[in-house]
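Mapping to UniProt numbering: the sequence shown position 121 is 121, numbers consecutive.
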Amino acid sequence: MAIELIDAFKKMFGYDPSTVWVGYENGTLILFKENTDKQTAIEKAQELVAIEVTAGTDTADFNVYRMDKAYPDDNVYLVAYSNPSSMVTILEMPEDSEDIIVGLSGRAKRIQDSQSKNIICTSFD
1 MAIELIDAFK
11 KMFGYDPSTV
21 WVGYENGTLI
31 LFKENTDKQT
41 AIEKAQELVA
51 IEVTAGTDTA
61 DFNVYRMDKA
71 YPDDNVYLVA
81 YSNPSSMVTI
91 LEMPEDSEDI
101 IVGLSGRAKR
111 IQDSQSKNII
121 CTSFD
């Protein structure tokens, strides 16, 4: 099953109306804890997604979580980053994928989103 990113964003993070988020075409999601308007969220997200990923620094650090509760029958993962901590990437991977492979794949998608900067939805949509 190919996950639909907009549905995944809403399924995982749309339950809390106080959480503002901006989603990108390759699965990167920027979360905001503070209440903000759509335009400000987009502007801040564009700044955060542009942070360069450099191997060996905290910008490249990640943790991998399988999204079993939201997707019990599929291999959907969330890759969380150390810097910025408000950024995650959602992706689908083959069964039994190792965390390092999932994390590196998520990082590659994050880099793609930093280059294209193509927003596909927000929590306001």
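Glycine residues also receive a C-beta, built at the ideal position from the N, C-alpha and C atoms.
Tell me which residues share the same chain as Met1 and place their Cβ nearer than 6 Å to its Cβ, disregarding the 5 neighbours each side in the sequence. At Met1 the pLDDT is 41, less than 50, meaning the model places this residue with poor confidence; the figure from the coordinates comes in the next sentence. Apart from sequence neighbours up to five positions away, the residues of its chain that approach Met1 with a beta-carbon distance below 6 Å are Asp74, ordered along the chain.
Does any residue of chain B have a CB that is nearer than 9 Å to the CB of Tyr81? Reference to chain B is not applicable here, since this structure consists of a single protein chain.
Where does Ala80 fall in DSSP's three states? Ala80: strand per DSSP, three-state reduction.
Judging by CA-CA distance, which residue of Leu31, Val49 and Met87 is the nearest neighbour of Val64? For Val64, the closest of Leu31, Val49 and Met87 by C-alpha to C-alpha distance is Met87.
7 Å CB neighbourhood of Lys30 in its chain, flanking five on each side removed: In the sequence as displayed, the identity of residue 30 is Ile instead of Lys. Excluding positions up to five away in sequence, the list reads Trp21, Val22, Ala45, Leu48, Val49, Ser86 and Met87.
Beta carbon of Thr89 nearer than 9 Å to that of Thr28: With respect to the 9 Å criterion, Thr89 and Thr28 are classified as neighbours on the basis of their beta carbons.
Give the C-beta separation of Val102 and Val76 to the nearest angstrom, bearing in mind that I take them to be a contact with Cβ-Cβ under 8 Å. About 10 Å; that fails the 8 Å criterion.
Based on Cα-Cα distance, which residue from Lys33, Asn26 and Asn118 lies nearest to Glu92? For the residues Lys33, Asn26 and Asn118, the minimum Cα distance to Glu92 belongs to Asn26.
Cβ shell of Pro72 (< 7 Å), same chain only, five flanking positions each side left out: Hits under 7 Å: none found.
Is Gly106 buried or exposed, if buried means 16 or more other CB atoms sit within 10 Å of its CB? Counting Cβ neighbours within 10 Å, Gly106 comes out buried, since at least 16 surround it.
Taking the alpha-carbon positions, what's the Ser82 to Thr57 distance? The straight-line gap from Cα to Cα measures roughly 10 Å.
Proximity below 9 Å, CB of Glu52 to CB of Ser114: Cβ distance < 9 Å, so Glu52 and Ser114 count as in contact.
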